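Shown next, in structure tokens, is the structure this report addresses.
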Amino acid sequence: MLDQALQSDSCSLSIVESGAAALFSRGELRRRVPARWLRMMVLDDHDSDSLGPRPAISTAIPTDVRIRSITYLEEVDAWDVQFEGENALFRIDPDRLGASSDMLVGEGPEQTPFNSSDQPNRQIDCDTLESPAAVRSLLDSLLRRGYARIRGVKTDEGSFFKVAKRLGFDGSQGQLNIEREVLHHGGREGSSHLFAPHTESPHRDPMPDYHLCLCTETTLKGGDMILVDGLNAVTTLAMESPIGAAELSRWPMLFVGERSSSERRLVPMFETGVDGSLRRIIFNDRAAIDFACPGDRLGVCAEAYESLSRVVEREGIQNRFRVQAGDLVVIDNRRVLHGAKSGNSGERTMLCCNIDRSQIMSTWRRARSGELD
165 MLDQALQSDS CSLSIVESGA AALFSRGELR RRVPARWLRM MVLDDHDSDS LGPRPAISTA
225 IPTDVRIRSI TYLEEVDAWD VQFEGENALF RIDPDRLGAS SDMLVGEGPE QTPFNSSDQP
285 NRQIDCDTLE SPAAVRSLLD SLLRRGYARI RGVKTDEGSF FKVAKRLGFD GSQGQLNIER
345 EVLHHGGREG SSHLFAPHTE SPHRDPMPDY HLCLCTETTL KGGDMILVDG LNAVTTLAME
405 SPIGAAELSR WPMLFVGERS SSERRLVPMF ETGVDGSLRR IIFNDRAAID FACPGDRLGV
465 CAEAYESLSR VVEREGIQNR FRVQAGDLVV IDNRRVLHGA KSGNSGERTM LCCNIDRSQI
525 MSTWRRARSG ELD
């Protein structure tokens, strides 16, 4: 059997090792794909989605399968692959072969850290969200800066749900868990912890990915919201205390729920990807209870925690902007801490809910590809 390479304009798929594997190449990506794994990655005949589910379970495929031939189809930019012992041709899409690597390097616009010297993101009028282009612009801003702002939202739960639905929530209004949060600037009724920059619900597993806050009523003259970019906070801590930053990514913290200590989660405060990049920062001073670490590391962890708590309180790292009734803020809860500027009197009422990252990213992909209505 002759090894062969059949390619599109940007990638190629070659038979190697006498059919025991294929070599997929795209740009700098090189992947050796075993024949059986390639057989498992075929598309269903009726599935036009390159990332559709597998048409067959893995145990139904012989362990000794080999590749017989590969034919490139220019009209669909895909390959038809035939395997030994099978007469059928199986469709292989290049996007399917490279999807996991694409996810590994990250999707969306490049992240742009922010601090107090940066202007807050521009607000988008709620009425414009009927336009797919406006939705894409909003989500581009969210993915780049870690938050996005919408103004002119009606302050009832139905209107709040409508925005969440537009951004990607795929359930009914009854399935969206909407909570009412009242911020008392006199410090009464236990809302003082809401002022300090914090991660939302760190005790939940999974944690909320995106947190939506709609201001429905305010009697505050200021009413500033405070956001802290975790990228800046972690970078600052790593510069000032590299050992401390490393410890916070190594040893888990016990976080408990506000309403019940039975709601708890053990997780490191910094989560990093396989390439060492920051994937999530978790900081909530009220919910954090104790580190799960060896006794000889607790002193270092406690000192690192104290340093981080002081970093997020620095005015130079905080981005502040005014929030009025009808203003909605979407926050990347994996990256951005949120709080409020304290005052002497007045209160602010917010409707809050959470959306999964998969829902946000699905809407962004459809808006980018022109598939969003």
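Okay, so the sequence shown: first residue is 165 according to the numbering used here, each after it adds one. For glycine and all other residues, C-beta sits at the position ideal for the given N, C-alpha and C. Here the structure is a predicted model, which is why all the values come from computation and not from measurement.
Proximity test, residue i beta-carbon vs the ligand COA heavy atom, cut-off 8 Å
{"i": "I231", "result": "This structure lacks the ligand COA, and indeed carries no ligand of any kind."}
Cβ-based neighbour list, residue i, same chain, cut-off 8 Å, excluding 5 preceding and 5 following
{"i": "R300", "result": "W528, A531, R532, L536"}
{"i": "M165", "result": "The pLDDT assigned to M165 is 37, lower than 50, so where the model puts this residue is not dependable; a value taken from the coordinates is nonetheless given after this. Contacts found: I179, S182, G183, R232."}
{"i": "V317", "result": "C290, S323, F324, V327, L378, G490, D491, L492"}
{"i": "R521", "result": "D373, Y374, R498"}
{"i": "R443", "result": "E435, T436, G437, R498"}
{"i": "V197", "result": "A185, A186, L187, F188, M205, L261"}
{"i": "S413", "result": "P432, M433, F434, E435, T436"}
Contact check, residue i vs residue j, beta carbons under 9 Å
{"i": "I453", "j": "L501", "result": "no"}
{"i": "T227", "j": "R200", "result": "yes"}
{"i": "G262", "j": "L193", "result": "yes"}
{"i": "C465", "j": "E411", "result": "yes"}
{"i": "A546", "j": "V476", "result": "Outside the shown range of the chain, which is 165 to 537, sits residue 546, and nothing can be said about it."}
{"i": "I256", "j": "D241", "result": "no"}
{"i": "V229", "j": "P219", "result": "no"}
{"i": "F485", "j": "D388", "result": "yes"}
{"i": "G296", "j": "G534", "result": "For clarity, residue 296 is Pro in the given sequence; the question names Gly instead. Contact flag set, yes."}
{"i": "H349", "j": "S174", "result": "no"}
From the options, residue whose alpha carbon lies closest to that of residue i
{"i": "L391", "options": "I481, G338, V197", "result": "I481"}
{"i": "A489", "options": "T382, R498, M389", "result": "T382"}
{"i": "I524", "options": "C517, S174, L331, L462", "result": "L331"}
{"i": "S506", "options": "F447, M514, L358, T363", "result": "L358"}
{"i": "R344", "options": "C377, N251, E404, G421", "result": "C377"}
{"i": "T363", "options": "V206, A185, A504", "result": "A504"}
{"i": "F278", "options": "S509, G534, N497, N483", "result": "N483"}
{"i": "T380", "options": "S441, A297, D320", "result": "D320"}
{"i": "I225", "options": "S526, R203, L515", "result": "R203"}
{"i": "M433", "options": "S425, G440, R423, I445", "result": "I445"}
{"i": "A451", "options": "R498, H367, D460, K329", "result": "H367"}
{"i": "P370", "options": "N497, F247, P258, D460", "result": "N497"}
{"i": "E422", "options": "A186, F188, S365", "result": "S365"}
{"i": "V189", "options": "P258, F254, V487, D282", "result": "Checking the sequence, you will find Ser at residue 189 rather than Val. Of P258, F254, V487, D282, the residue nearest in Cα terms is P258."}
{"i": "E570", "options": "T436, S264, D304, G459", "result": "The structure shown does not extend to residue 570, since the chain spans only 165 to 537, so no value can be given for it."}
{"i": "T276", "options": "G216, L307, E427", "result": "L307"}
{"i": "E110", "options": "A298, G191, A297, A185", "result": "Residue 110 is absent from the structure shown; the chain starts at 165 and stops at 537."}
{"i": "R478", "options": "G408, V420, I407, L401", "result": "L401"}
{"i": "G463", "options": "G408, S526, S509, S425", "result": "G408"}
{"i": "E294", "options": "E467, S280, K329", "result": "K329"}
{"i": "V487", "options": "N341, L384, G191", "result": "L384"}
Interface flag, residue i vs chain D, CB-CB below 9 Å
{"i": "E343", "result": "No chain D appears in the structure shown, which is made up of a single protein chain."}
Neighbourhood of residue i by C-beta, 7 Å cutoff - its chain only, sequence neighbours within 5 removed
{"i": "A456", "result": "W415, P416, L418, L430"}
{"i": "A169", "result": "Annotation note: pLDDT 47 at A169 (below 50); position unreliable, coordinate value reported separately. Taken in chain order, the residues that qualify are S176, S178."}
{"i": "D167", "result": "Only weak support exists for where D167 lies, its pLDDT of 45 falling under 50; the value from the coordinates is given anyway. Only S178, I179, V180 meet the Cβ criterion."}
{"i": "A360", "result": "D449, G503"}
{"i": "E404", "result": "S471"}
{"i": "S473", "result": "D449"}
{"i": "P334", "result": "A quick correction: the sequence has Asp, not Pro, at residue 334. Within the same chain, D334 has close Cβ partners Q523."}
{"i": "A298", "result": "I288, T292"}
{"i": "D282", "result": "N483"}
{"i": "S526", "result": "G332"}
{"i": "E467", "result": "G408"}
Beta-carbon contacts of residue i that lie in its chain and below 6 Å, excluding the five residues immediately before and after
{"i": "N518", "result": "P372, H375"}
{"i": "R440", "result": "As written in the sequence, residue 440 is Gly, which differs from the Arg given in the question. None."}
{"i": "G394", "result": "I445, R499"}
{"i": "L253", "result": "D244, Q246"}
{"i": "L302", "result": "I288, A312"}
{"i": "M514", "result": "E345, C377, C379"}
Quiz item: Using 8 Å as the threshold, is the stretch 284 to 294 in touch with the stretch 310 to 320, meaning 3 or more CB pairs across them?
Solution: yes
Quiz item: What are the complete alpha helix (DSSP H) segments, minimum 4 residues, inside the stretch 168 to 251?
Solution: 199 to 204
Self-check item: Sequence ranges, beta strand (DSSP E) only - wholly within the stretch 350 to 412, length at least 3
Solution: 374 to 382, 388 to 393
Quiz item: What are the uninterrupted segments assigned as beta strand (DSSP E) that are 3 or more residues long and contained completely in the stretch 407 to 441, given in chain order?
Solution: 416 to 420, 428 to 432, 434 to 436
Exercise. Mind listing, in chain order, the continuous beta strand (DSSP E) runs of no fewer than 3 residues lying wholly within the stretch 429 to 502?
Key: 434 to 436, 442 to 445, 452 to 455, 482 to 486, 492 to 496
Exercise. List in chain order: all unbroken alpha helix (DSSP H) runs of 4+ residues lying wholly within the stretch 292 to 321.
Key: 296 to 309
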